[in-house]
Amino acid sequence: CQILGSPESPLLSKEGDVMIGGAFSIHSKITQPPLSFTEKPTRLTCSVNLREFRFAQTMIFAIEEINKSDFLLPNVSIGYRIYDNCGSTLSSMRAVMALINGDEWTVGKSCSGQSAVHAIIGESESSSTIVLSRTTGPFQIPVISHSATCECLSSRKEYPSFFRTIASDLYQSQALAQLVKHFGWTWVGAVNSDSDYGNNGMAIFLAAAQEEGVCVEYTEKFHRAEPEKLMKVVEVIRKSTARVIVGFLAHVEMNNLLEQLSLHNITGRQFIGVEAWITADSLVTPTSFSVLGGSLGFAVQKANISGLNDFLIKDFWERDFKCNEANRDSMTETAPCKENQNVIELKDYNDDVTELRYSSNIYKAIYAVAYSLHSILKCSYSQGCDKMVEVTPRQVVEALKQVNFTIKNGDQVWFDSTGAAVARYEVVNWQRGSAGLVNFKPVGYYDASLPPGQKFVLKTEAIMWPGGNTERPQSVCSESCLPGFRQAVIKGKPICCFSCVACAAGEISNSSSVECSRCPLEYWSNEDHNQCVPKVIEFLSYGETMGALLTTFSLFGASLTLVVLCVFFWFRHTPLVKASNSELSFLLLFSLTLCFLCSLTFIGRPTDWSCMLRHTAFGITFALCMSCILAKTIAVVMAFKSKRPANTVPQCSVPLQRTSVLSCTLLQVLICVLWLTLAPPFPYKNTAHATERIILECDLGSPVGFWAVLGYIGLLAVLCFILAFLARKLPDNFNEAKFITFSMLIFCAVWATFIPAYVSSPGKFTVAVEIFAILASSFGLLFCIYAPKCYILLLKPERNTKKHMMGRNQSKPL
């Protein structure tokens, strides 16, 4: 089986019993050659990326540490083949094909031979890792990435043999939205790499931001090889109003964006970063802090691996570049390191050594493969490993799903159902230390394995904001509405852009309210609409002007009635009082006094007793009053119908009068008793009639009972009016029927107008109308019936004689 083309050779390699491949961007791509597909592409122009080279050295360190171990894979050596993809997916494909086939010209008589490696570590970027995983997937060769976080790689159907010692971006993207929401930033910009990593991560962030109520002013993306798009992104950032920028960018894209922002002096923005660049020392330059100072973001947790520091710094020069560490800084003509000066002058080789964020992920990946091989080879401390067992990549894949171990620094390593590690991040803040150096200060953490309320913890007081400020920057499309206002969405704008509209009556809002909330039933909004206060309770009280006036008129009417009663009692032996049927006159005056006083029960705060008393007292007293007037009218008619005019009242009329008064009154008492028994009136808080106040009133309980009481009084009044009207032509000197007619006419008119006024009057005016009707009708009866008699008794005593009462000026009989 002939391999077409020239095979790729590994940059670093060592043979062993089992082989582990590595793919890193040890060089960074500078130019992309034209692809004509008619000839072999030229080599990429690349520059050294010592950060990636450090990752390769970490892989070698872990392998050599395992090879020296007596516990893990005893008597079995691990070899490695590390390829450089130069930061290009095209080179990634070359590297993966070389890892699968090896560097031989022929594999054998057929192309069905076993893979040259049992597992592959890499790549750093998600796009290159996707190429690597898709190519190796059909052959079930396990790929373990230390920093490829794209959520798209979580599909076990598409990537059945992919694993990673870092968490998926699903958690980081959601945590970014929570971080933005935590600080109240509802108006942000978003920039991402135009790659699988950036596009997938940004899509998850945008969905999570929408759920959190965060609006995104713009979403821009660019690729490292697209300078035109980069300039467009810089211009969008410069013109935007959002002061917070979420940068879901790979390390290279972030470096390109930082250079342009520094060049155009675009500062004062709050950057929210991801693990790909937030702790990258290579981004720290004399001018970068003015742009990225105060940045917040999620970083891979630090780790401490003993021995790695010395290996990376000392062994790197002495073994790989044959350079003596003592002479490394001399740089003389005869110094051993002269030929590698272009490498050793790059100062950021050991920048990550003290933090070991991604390096520890590579360390864990190598140990995961070693533990898998240990279980496959059935290794034991006493007998070593069974080298006769043929190890296939498929076996390694199945073994990786089961690994669960703890490395020497105490970190536990295992893979979830998607092949990823548990999501644990540090929240770091770009701060300038006392020595002027930039520090990535931890200010919180995010741990997806913890309960919901404990996953996200921030120390806000430890954060330094852009420009060295201690106050958190604001980034909103519209300022929060003042208390008493609500947010009204502006047509065509995101929901975070709004105008403020005053709350309606009965509604309130505070500074954090989006909508106005209605006050509870018995509360109302204050003038500023920022607090619910108890509604004004309204009832006709003695203390207000209307209540005081009605009380005065009620007491005045009762007092005047008692004065009239005293006058009648004083002149009880005179002909006029005797002719007026003194017993009924005194009873009528007593009932009128009660009518005036019963109006007082309608004034004051309604209670159970006052509600029952006011209507029953009113009904019974007026029934007694009408019964007396009816008896007087009947007595007058019977007196003038008698054939013996000398006898003013027939002998049988007195018992008849008493019986009629008692019977008519008892019937009203019976109606009231039934009313109070079946459905009595009760106090009621009326909140429907007036929204801003509570009207305390007496609910009738049974409207039928009320109108039965009122109707019965009306029936008695109509009978009195009819009889008095028929007796109006009796002799003038003794014609009491004429005055009763006038009184009944006033009474009926008052109560006829009372009904529509009572129904239409609001609140306490309903009670006032009823009191007015009681007082008006009572005064009408008092003045029409008793004023003429008092006039004669007090001012015209000469008419108070029997002769005058029996005057001859008589009308025709009825």
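So the sequence shown is numbered by this note's numbering: it starts at 2 and just counts up by one.
Cβ coordinates follow ideal geometry from the N, Cα and C atoms, glycine included.
Fair warning: this is a prediction, and the values are worked out from it, not measured in the lab.
Please report the straight-line C-alpha distance between residue i and residue j, rounded to a whole angstrom.
| i | j | result |
| --- | --- | --- |
| cysteine 216 | lysine 158 | 34 Å |
| aspartate 529 | isoleucine 695 | 20 Å |
| proline 798 | glutamate 539 | 51 Å |
| leucine 250 | isoleucine 64 | 31 Å |
| aspartate 18 | leucine 154 | 30 Å |
| serine 778 | leucine 590 | 14 Å |
| serine 14 | alanine 24 | 12 Å |
| serine 1 | serine 361 | Shown here, the chain extends from 2 to 815; a query on residue 1 therefore has no answer. |
| serine 116 | alanine 436 | 52 Å |
| glycine 411 | phenylalanine 441 | 23 Å |
| phenylalanine 184 | glutamate 472 | 11 Å |
| alanine 209 | cysteine 497 | 15 Å |
| glutamine 455 | glutamate 236 | 40 Å |
| leucine 711 | cysteine 501 | 54 Å |
| glutamate 229 | histidine 252 | 19 Å |
| leucine 675 | proline 681 | 9 Å |
| alanine 618 | valine 490 | 60 Å |
| cysteine 380 | glutamate 399 | 17 Å |
| cysteine 567 | cysteine 533 | 57 Å |
| aspartate 700 | aspartate 609 | 10 Å |
| tyrosine 759 | leucine 614 | 19 Å |
| isoleucine 79 | asparagine 86 | 22 Å |
Leaving out five residues on either side along the sequence, give the residues of the same chain with a beta carbon under 7 Å from the beta carbon of residue i.
| i | result |
| --- | --- |
| serine 331 | Bear in mind that a pLDDT of 44 at serine 331, under 50, signals an unreliable position, so the model cannot answer this. |
| serine 581 | Glu737, Lys790 |
| tyrosine 543 | Ala549, Thr552, Ile604, Gly605 |
| serine 241 | Gly190, Glu218, Tyr219 |
| histidine 616 | Pro682, Phe707, Val710 |
Do we get a CB-CB distance below 8 Å when we pair residue i with the residues of chain B?
| i | result |
| --- | --- |
| valine 662 | Among the chains of the structure shown, chain B does not appear; only one protein chain is present. |
Below 8 Å between beta carbons: does that hold for residue i and residue j?
| i | j | result |
| --- | --- | --- |
| leucine 776 | phenylalanine 587 | no |
| isoleucine 142 | isoleucine 121 | yes |
| isoleucine 306 | leucine 378 | no |
| leucine 717 | serine 628 | yes |
| isoleucine 21 | tyrosine 81 | yes |
| methionine 255 | leucine 231 | no |
| glycine 507 | glutamate 693 | yes |
| serine 194 | lysine 233 | no |
| methionine 745 | alanine 774 | no |
| arginine 165 | glutamine 302 | no |
| isoleucine 367 | methionine 60 | yes |
Using alpha carbons as the reference points, say which of the options lies closest to residue i.
| i | options | result |
| --- | --- | --- |
| tryptophan 415 | Ala750, Ala371, Lys402, Lys409 | Lys402 |
| serine 263 | Gln173, Gly294, Thr280 | Gly294 |
| glycine 269 | Phe72, Gln475, Leu720, Ala366 | Gln475 |
| tyrosine 172 | Leu589, Tyr447, Cys749 | Tyr447 |
| glutamate 124 | Ser155, Phe163, Val275 | Phe163 |
| cysteine 749 | Val770, Tyr759, Leu782, Ala769 | Leu782 |
| leucine 100 | Thr137, Asp71, Val565 | Thr137 |
| threonine 552 | Asp71, Ala300, Ser92, Ile772 | Ile772 |
| serine 762 | Thr471, Met389, Ala691, Val275 | Ala691 |
| lysine 460 | Leu73, Asn68, Leu180 | Leu180 |
| phenylalanine 206 | Cys504, Lys765, Gly248, Phe619 | Gly248 |
| threonine 742 | Phe755, Ile723, Pro684, Glu260 | Ile723 |
| glutamate 213 | Gln175, Pro521, Ile246, Val192 | Gln175 |
| serine 513 | Leu483, Asp170, Gln58, Pro453 | Leu483 |
| glycine 274 | Val423, Asn430, Ser289 | Asn430 |
| glycine 468 | Leu563, Arg433, Thr767 | Arg433 |
| serine 156 | Ser600, Ala753, Phe140, Ile131 | Ile131 |
Check whether the Cβ of residue i lies closer than 7 Å to any heavy atom of the ligand ADP, and answer yes or no.
| i | result |
| --- | --- |
| cysteine 599 | Within the structure as shown, the ligand ADP is missing, as the structure has no ligands at all. |
Leaving aside the five residues before and after residue i along the sequence, list all residues of the same chain whose C-beta is less than 8 Å from its C-beta, in chain order.
| i | result |
| --- | --- |
| glutamine 652 | Because glutamine 652 carries a pLDDT of 43, less than 50, the predicted location of this residue cannot be relied on, and no value is offered for it. |
| leucine 585 | Cys629, Ala632, Lys633, Ala636, Gln658, Val662 |
| valine 650 | With a pLDDT of only 44 at valine 650, under 50, the local geometry of the prediction cannot be trusted, and the value read off the model is given with reservation. If we look at valine 650 and ignore the five residues flanking it on each side, its Cβ neighbours are Asn582, Ala636, Met639, Ala640. |
| alanine 559 | Thr594, Phe597, Leu598 |
| glutamate 523 | Pro535, Lys536, Lys686, Thr688, Ile695 |
| tyrosine 713 | Gly620, Ala624, Leu668, Gln669, Ile672 |
Enumerate in chain order the residues of its own chain whose CB-to-CB distance from residue i is below 6 Å, with the five nearest sequence positions on each side excluded.
| i | result |
| --- | --- |
| valine 817 | The displayed coordinates of the chain run from 2 to 815. Any statement about residue 817 would go beyond what the structure contains. |
| valine 477 | Thr187, Trp188 |
| alanine 277 | Ala251, His252 |
Could I get the ranges of all uninterrupted beta strand (DSSP E) runs contained in the region 242–329, with 3 residues as the minimum, in chain order? 245–249, 271–274, 297–301
Give, in chain order, every unbroken run of the alpha helix (DSSP H) that is at least 4 residues long and sits entirely within the region 589–665. 609–642
Just list the beta strand (DSSP E) runs in the region 429–485, keeping only unbroken ones of 3 residues or longer that don't cross its boundaries, in chain order. 439–448, 457–459
Segments assigned beta strand (DSSP E), at least 3 residues, entirely inside the region 153–211: 163–165, 188–194
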